[in-house]
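Report on one structure; see the data block that follows.
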Amino acid sequence: MMTENYRFVEQVRSAPPSWANDEILRWDDSCFRRERDFITRHYWTTQGSINVFRIIGTDHPQYAGMSWLELLDRGKRMDINIPLLEKNPGYYTDPGHKRSSMNFNSFDGINWFIGSDGNHRSCLARFYFHVNGLGMTQLHDVTMNHYDIDHLYYEACREIQKLIDVMAQQGIYLTLEVRNQVVHRDDTPGWKLDHFQIEAQLHQNGEHDFPELDAVSYMQNAQDARTCLSVLKQRYEQCQSSQQIKAGSTGTSWMRWLRLGKSHERK
Numbered sequence: 046m047m048t049e050n051y052r053f054v055e056q057v058r059s060a061p062p063s064w065a066n067d068e069i070l071r072w073d074d075s076c077f078r079r080e081r082d083f084i085t086r087h088y089w090t091t092q093g094s095i096n097v098f099r100i101i102g103t104d105h106p107q108y109a110g111m112s113w114l115e116l117l118d119r120g121k122r123m124d125i126n127i128p129l130l131e132k133n134p135g136y137y138t139d140p141g142h143k144r145s146s147m148n149f150n151s152f153d154g155i156n157w158f159i160g161s162d163g164n165h166r167s168c169l170a171r172f173y174f175h176v177n178g179l180g181m182t183q184l185h186d187v188t189m190n191h192y193d194i195d196h197l198y199y200e201a202c203r204e205i206q207k208l209i210d211v212m213a214q215q216g217i218y219l220t221l222e223v224r225n226q227v228v229h230r231d232d233t234p235g236w237k238l239d240h241f242q243i244e245a246q247l248h249q250n251g252e253h254d255f256p257e258l259d260a261v262s263y264m265q266n267a268q269d270a271r272t273c274l275s276v277l278k279q280r281y282e283q284c285q286s287s288q289q290i291k292a293g294s295t296g297t298s299w300m301r302w303l304r305l306g307k308s309h310e311r312k
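Mapped onto the numbering used here, the consecutive letters of the sequence shown carry residue numbers 46 to 312.
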């Protein structure tokens, strides 16, 4: 029979904490894949400590969208994990227990998402730490991945790509290449911090040549990308305003406009 100390499930259901009905957010893996070329640093450890009350979401498609209370009631493995907690609560509270299979991901180091394992135990830790009233917040020796992403650089390159797609419809072909590589690593057993260098390059393809883009086509940061975007917009606006360009025309009209532009540049 359970002792009074471990009747936390009944206590939770009779008086849920204020966050019990908060939605468990979904980890946006598609967003991560789009922005991963703009990672500047990646910190990884198998010996991390996480504030369980800052776990806000999961990449589990079935549990994302539930509330924490719903996960407590409906989690597929709760019938296994709840008795284990009642039998050995020290697994959650005492140091020395290896929990590296529990893994978490974050973009800011404050808000954390459960990765491939740890949904049930994270939920139980939140409720158990609340119920035991000892002010505990930390779950120790878990795996953590913290990604720093240069969102401004990403957004600028995304705008460049949008403009490239528009210009392609009018017969001007450009490509944007983004390269990201590890340039330095700090590590000892159990953790690492990778430092990345991001480079973006705008390539002009085909028969069209815009010399003014050459000076801004190589980008190392968000400001470089914004400068390149500005020059590209100016060239596109010149194209749009030129009377030599007719709606839906390509090829010959573009060549007439290009020759006209170069003749003015020589004057």
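We treat Cβ as the ideally placed atom computed from N, Cα and C, and that holds for glycine.
**Message:** Using C-beta distances below 8 Å, list every residue in its chain close to residue 278, excluding the 5 sequence neighbours before and after it, in chain order.
**Reply:** 208
**Message:** Quick check: what's the CA-CA separation for residue 158 versus residue 237?
**Reply:** 20 Å
**Item:** N-terminal and C-terminal residue of the alpha helix (DSSP H) that residue 193 is part of
**Value:** Not the alpha helix (DSSP H): residue 193 falls in the beta strand (DSSP E), residues 183 to 194.
**Item:** Selection from 64, 88, 95 and 268 that minimises the alpha carbon distance to residue 156
**Value:** 95
**Request:** Would you mind stating whether residue 126 and residue 175 have Cβ atoms separated by less than 9 Å?
**Result:** no
**Item:** Test item: CB-CB of residue 86 and residue 240 under 9 Å
**Value:** Yes, they are a contact pair.
**Asked** By DSSP, does residue 239 sit in helix, in strand, or in coil?
**Response** strand
**residue 290 versus residue 211: straight-line alpha-carbon distance, rounded** = Low confidence applies here, because residue 290 scores a pLDDT of 45, under 50, leaving its location unreliable and the question unanswered by this model.
**Request:** Rounded to whole angstroms, what's the CA-CA distance from residue 83 to residue 234? Just pull it up for me.
**Result:** 26 Å
**Prompt:** DSSP beta-bridge partners for residue 263?
**Reply:** 246
**Message:** Using CA atoms only, rank isn't needed, just tell me which of 227, 273 and 123 is closest to residue 108.
**Reply:** The shortest Cα separation from residue 108 among 227, 273 and 123 belongs to 123.
**Request:** Under 6 Å Cβ to Cβ from residue 100, same chain only, skipping five residues before and after it: list those, please.
**Result:** Excluding residues within five positions, the ones whose Cβ falls inside 6 Å are 157 and 167.
**Request:** Only counting runs of 3 or more residues, tell me where the beta strand (DSSP E) segments fall wholly within the segment 73 to 100, in order along the chain.
**Result:** The qualifying runs are 84 to 96.
**Request:** Tell me where the beta strand (DSSP E) around residue 108 begins and ends.
**Result:** First-last for residue 108: undefined, no H or E at that position.
**Asked** What are the partner residues of residue 157, as DSSP defines its beta bridges?
**Response** 100
**Message:** Can you check which of these residues, 89, 173 and 112, is closest to residue 69 by C-alpha distance?
**Reply:** That would be 112, whose Cα lies nearest to the Cα of residue 69.
**Asked** Just curious, the alpha helix (DSSP H) that residue 129 is in, first and last residue?
**Response** 123 to 132
**Message:** So, for residue 267: in the same chain, excluding its five sequence neighbours on each side, which residues have a beta-carbon less than 7 Å away from its beta-carbon?
**Reply:** 195, 197, 198 and 201
**Message:** My output table needs one value for residue 139: the three-state DSSP class, helix, strand or coil.
**Reply:** coil
**Request:** May I ask you to check if the CB of residue 52 is nearer than 8 Å to at least one heavy atom of the ligand ADP?
**Result:** Only the bare structure without any ligand can be found here, which leaves the ligand ADP out of the picture.
**Message:** Just to confirm my understanding: we take residue 271, look at its own chain, exclude 5 residues before and 5 after, and list those with CB closer than 7 Å. What are they?
**Reply:** Sequence-distant Cβ neighbours of residue 271 in its own chain, meaning closer than 7 Å and more than five residues away, are 201.
**Prompt:** When you compare only the Cα positions, how much space is there between residue 128 and residue 65?
**Reply:** The straight-line gap separating the alpha-carbon atoms of residue 128 and residue 65 is approximately 21 Å.
**Message:** Looking at the secondary structure, which residues open and close the alpha helix (DSSP H) in which residue 118 lies?
**Reply:** Start and end: 113 to 119.
**Request:** In the DSSP assignment, find the unbroken beta strand (DSSP E) run with residue 224 in it and report its ends.
**Result:** 218 to 233
**Request:** Using three-state DSSP, classify residue 343 as helix, strand or coil.
**Result:** Any question about residue 343 goes unanswered here, given that the chain covers just 46 to 312.
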